[in-house]
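Protein chains: 2
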Amino acid sequence: MAKKVSIKDVAKAAGVSTATVSNVFSGKKPVNDDLAAKVRAAADRLGYQVNKAASLLRSGKNSVVSVLVPDLSDPFFTSIITEIEHLATDDGYEIIVGNSNDSVDREAGRLDALLAWQPAGLIVIPCSGKVPGRLRTPGQPPCVFLDRVAEFSLADTVTIDNAGAGAMAAQHLVDMGHRQVLVAASDLELAPIRQRAQGAEAAVRKGGGSVQFVELGSDPQLGAEALAAWFDTHPSPSAIVATNDMTTLAALSYMASRKLDLPGQISIVGFDDYAWMQARRTGITVIKQPVEEIASSAWDLLKERMSGDAADIVNRVHDCSLIIRDSVRGISAPAGEAAALGAPRPAGGGAAAG
Amino acid sequence: MAKKVSIKDVAKAAGVSTATVSNVFSGKKPVNDDLAAKVRAAADRLGYQVNKAASLLRSGKNSVVSVLVPDLSDPFFTSIITEIEHLATDDGYEIIVGNSNDSVDREAGRLDALLAWQPAGLIVIPCSGKVPGRLRTPGQPPCVFLDRVAEFSLADTVTIDNAGAGAMAAQHLVDMGHRQVLVAASDLELAPIRQRAQGAEAAVRKGGGSVQFVELGSDPQLGAEALAAWFDTHPSPSAIVATNDMTTLAALSYMASRKLDLPGQISIVGFDDYAWMQARRTGITVIKQPVEEIASSAWDLLKERMSGDAADIVNRVHDCSLIIRDSVRGISAPAGEAAALGAPRPAGGGAAAG
DNA sequence: TTGTAAGCGTTATCAT
DNA sequence: ATGATAACGCTTACAA
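Chains as they are written, first to last, in the numbering used here: chain L, 212 to 565; chain F, 212 to 565.
This is the structure:
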């Protein structure tokens with residue numbers, strides 16, 4: 212086992228002090244060019260690498276930022292991470308990622324583990340509305356909350372106009388003549404999902420239509436089954452509004468399994484926009500979240516805080532956009548009576564009204 | 212700004228030595244129950260968190276494992292990361308992720324940054340066949356290479372039977388009566404892609420058919436355009452074999468843009484298996500990589516090494532499986548002359564023969 | 001511009 | 001079982 216080479220070894224080999232070596236690598240103090248060259252040569256020769264643990268311990272300045280998300284198998288979250296990693300790298304940071312697995316307990320545990328590294332900052336997508344207690348204690352690194360935010364006064368947040376997004380989806384359906392719509396939610400306990408559902412409901416109601424809700428959970432496979440069960444026991448709506456990427460997948464998956472024609476038999480407005488949604492004969496009309504903007508807002512906000520900005524908390528809200536493709540059928544005459552559909556009631560994984 | 216609370220503060224508050232506090236949290240030495248309770252109480256009261264940087268510096272034992280991938284927007288890589296994060300967390304590790312962006316230079320840079328944390332281990336999916344020089348120097352943490360491996364004697368590797376996978380895809384096509392197949396590769400310079408292409412070629416040839424190749428790159432959008440250009444200048448094959456998830460998307464996207472019927476006009480065998488591939492009327496027949504097994508092999512291997520195992524290098528190879536859905540049409544009589552298709556020649560993003 | 005030396009918060013060694 | 005203390009590798013006053 213080769214012995215670890217430290218700044219001292221480099222200093223000795225280059226015939227300078229450790230302080231000089233440090234300055235060569237950190238660039239915090241100017242160093243004579245000749246010396247610097249000698250130092251680098253020695254470092255290369257010895258295979259020296261800085262030890263971040265030591266430098267963090269001494270300086271208190273960290274180059275890692277922690278990112279905590281509720282589900283690493285959800286493309287929405289991984290796409291956010293992707294963007295953040297990109298931005299962070301360009302600014303000289305590393306990111307360490309944690310997965311709370313949609314569990315409040317696990318979230319707390321992961322948070323502790325991440326915090327133990329004294330990260331320069333934190334970007335967290337909470338798994339619930341509850342902010343982990345750890346983050347309320349003083350002396351924590353700056354943090355920005357994304358997406359599933361229920362409390363806006365604790366720290367910077369970046370979210371989307373959820374009600375607006377839901378309304379936009381539903382309004383498109385109404386405009387196309389749909390009057391019975393089913394809102395496929397993942398979990399109505401989650402603030403953003405609930406708001407999207409409510410936004411959709413309001414738009415449909417205003418258009419004279421009726422709305423039902425179903426909760427499908429976060430697994431597309433299980434969601435498809437839950438949806439199938441729902442359809443077996445309810446009058447069929449003419450269209451579905453999905454409230455996130457997973458429910459979009461679930462709805463599509465259900466239709467595929469029943470060989471239902473899209474948009475012939477049922478229309479769909481999906482949520483989120485991924486490549487596969489247009490890589491099909493009938494492209495999916497969707498509400499697109501501005502993932503890049505969300506990530507870059509988050510990063511900007513965090514950078515500000517990391518550089519010591521103590522300004523008031525800011526709550527950034529982004530707008531979604533409607534991307535019209537082929538998954539919504541136009542209906543000329545109102546189809547059936549709206550009255551045929553009653554008030555929202557339990558179904559699938561358990562349902563709730565908005 | 213609240214002062215950082217250290218092990219010393221806790222020790223003082225609990226009336227014990229720092230060593231005892233350390234032992235309470237690390238569990239390395241037994242501690243009297245009463246004392247331990249007092250320590251924990253004090254720690255809670257003061258809001259103490261261990262400082263991993265300090266503990267790493269002193270002990271040399273790290274709980275982070277670094278993962279480096281070539282492209283964080285590729286679902287294959289994120290799915291690998293997802294699995295690894297899961298496994299790692301269960302074993303008490305954190306993971307820090309780096310993205311080499313398919314650039315050798317950036318890969319080296321990211322690697323240095325990751326290595327500076329003296330991670331307990333490394334899992335890297337190289338962006339090319341070249342192993343970054345840094346990893347050849349002695350004294351580095353254990354490392355296992357995944358996927359894009361060209362050198363098997365440097366460290367543990369886990370890969371799939373690429374030629375077999377390609378052959379399996381092509382054989383299915385041959386069995387279904389296809390004789391002109393196009394292999395849609397991302398980049399034939401990459402060993403696994405090349406091997407898949409060669410495997411496919413061999414199977415088609417053996418079946419008496421002819422093969423062409425096209426390179427589409429790693430962006431599905433651009434890939435679709437490149438494929439469109441290719442089709443505009445070449446006689447159409449009856450089927451496409453995609454060599455990875457991105458080219459699968461590119462091919463499907465091309466077909467969608469031209470409103471081509473799948474599998475009526477062109478059949479496809481895709482690569483990798485994601486939820487969206489079956490959430491469509493005509494499910495995609497695919498070659499599925501065993502992502503979970505790949506990740507868990509990698510983690511197992513790494514754990515062994517991290518615990519000091521110095522056994523011979525192991526090269527684990529996993530098999531893929533064919534999942535038959537609806538994207539391949541059966542052809543009874545050989546369609547057209549095989550002779551109509553010449554030898555492979557440049558096209559799209561530049562092509563090469565296997 | 002460069003060198004000297006103290007100290008960051010832990011863990012490990014050695015006493016007790 | 002517990003305590004005192006040195007040391008991990010670096011950064012940063014401060015001195016030269």
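C-beta atoms are modelled at their ideal positions from N, C-alpha and C, and glycine is treated no differently. Source: prediction; values computed, not measured.
Neighbours of L/GLY309 across chain F, judged by C-beta separation under 9 angstroms: GLU296, THR300, GLU305 and ILE306. For F/ILE479, the enclosing beta strand (DSSP E) has its first and last residue at 478-482. Taken through DSSP and simplified to helix, strand or coil, F/ARG347 comes out as helix. Taking each of L/GLN391, L/VAL369 and L/GLY340 in turn and checking the Cα distance to L/ILE542, the smallest one comes out for L/GLN391.
By DSSP's assignment, F/ILE534 forms a beta bridge with F/VAL497. Nearest C-alpha to L/ASP483 among L/ALA521, L/ALA506 and L/ALA376: L/ALA376. Between L/GLU296 and F/VAL275 a beta carbon distance of about 16 angstroms is seen, past the 8 angstroms cut, so the two are scored as non-contacting.
Contact note: L/GLY258 reaches chain F through THR348, using a C-beta cutoff of 7 angstroms and chain order. By the beta-carbon neighbour count (other beta carbons within 10 angstroms, threshold 16), L/LYS239 is exposed.
When Cβ-Cβ separations below 8 angstroms define contact, F/ASN262 makes contact with chain L. Three or more Cβ pairs closer than 8 angstroms define a contact, and the stretch 506-520 of chain L meets that threshold against the stretch 296-305 of chain L. When CB distances to chain F are screened at a threshold of 8 angstroms, the residues of the stretch 490-506 of chain L falling below it are ALA490, ARG491, ARG492 and GLY494, in chain order. Straight across, the Cα-Cα distance linking F/GLY332 with F/PRO474 is about 45 angstroms. When DSSP states are grouped into helix, strand and coil, F/VAL528 belongs to the strand group. Under the DSSP assignment, L/LEU357 falls in the beta strand (DSSP E) whose first and last residues are 354-357.
For the stretch 458-486 of chain L, the beta-carbon criterion of a distance under 9 angstroms to any beta-carbon of chain F is satisfied by THR459, LEU460, ALA461, ALA462, LEU463, SER464, TYR465, MET466, ALA467, SER468, LYS470, LEU471, ASP472, LEU473, TYR485 and ALA486. Inclusion of L/HIS389 and L/GLY420 in the CB contact set at 8 angstroms is warranted, their separation being smaller than that value.
Residues LEU257 and TYR259 of the same chain have their beta carbon placed closer than 8 angstroms to that of L/ASP220, with the five preceding and five following residues left out of the count. If you ignore the 5 residues before and after L/VAL360, its C-beta comes within less than 6 angstroms of the C-beta of THR368 and THR370, all in its own chain and listed in chain order. The stretch 446-463 of chain F makes contact with the stretch 392-412 of chain F: 3 or more CB pairs, one atom from each, lie closer than 8 angstroms.
Look at the beta carbons and you see the stretch 239-255 of chain F not touching the stretch 242-255 of chain L: under three pairs across the two are nearer than 8 angstroms. L/ILE334 is bridged by DSSP to L/VAL278 and L/VAL355. In terms of beta-carbon proximity, L/ALA521 stays away from the interface with chain F, with every pair separated by 8 angstroms or more. In this structure, L/ASP372 sits near L/ASP530, with a CB-CB distance shorter than 8 angstroms. Scanning chain F for C-beta atoms nearer than 8 angstroms to the C-beta of L/ALA327 yields GLN260, VAL261, ASN262 and LYS263, reported in chain order. In this structure the stretch 310-319 of chain F touches the stretch 339-349 of chain F; the number of beta carbon pairs closer than 8 angstroms is three or more.
The C-alpha of L/LEU533 is placed about 11 angstroms away from the C-alpha of L/PRO501.
Of all residues in the stretch 281-293 of chain L, only LEU283, SER284, PRO286, THR289, SER290, ILE292 and THR293 come within less than 8 angstroms of chain F when Cβ atoms are compared, listed by chain position. With 16 or more other CB atoms across the displayed protein chains lying within 10 angstroms of its CB, L/ASP358 is buried. Under the three-state reduction of DSSP, L/ASN310 is assigned to strand. When the beta-carbon positions are compared, L/ILE479 and L/ALA522 stay at least 8 angstroms from each other. Within chain L, the residues placing a beta-carbon under 9 angstroms from that of F/PRO431 are ALA486, TRP487 and ALA490, ordered along the chain. Chain order gives no chain L residues near F/ASP220, where near means a beta carbon separation below 9 angstroms; the closest approach is about 12 angstroms. F/VAL261 and F/PHE288 do not touch by the CB rule: their CB atoms are close to 32 angstroms apart, not below 8 angstroms.
The beta carbon of F/LEU267 sits closer than 8 angstroms to some beta carbon of chain L. Sixteen is the threshold: since fewer than 16 other Cβ atoms of the shown chains lie within 10 Å of the Cβ of L/ILE535, the residue is exposed.
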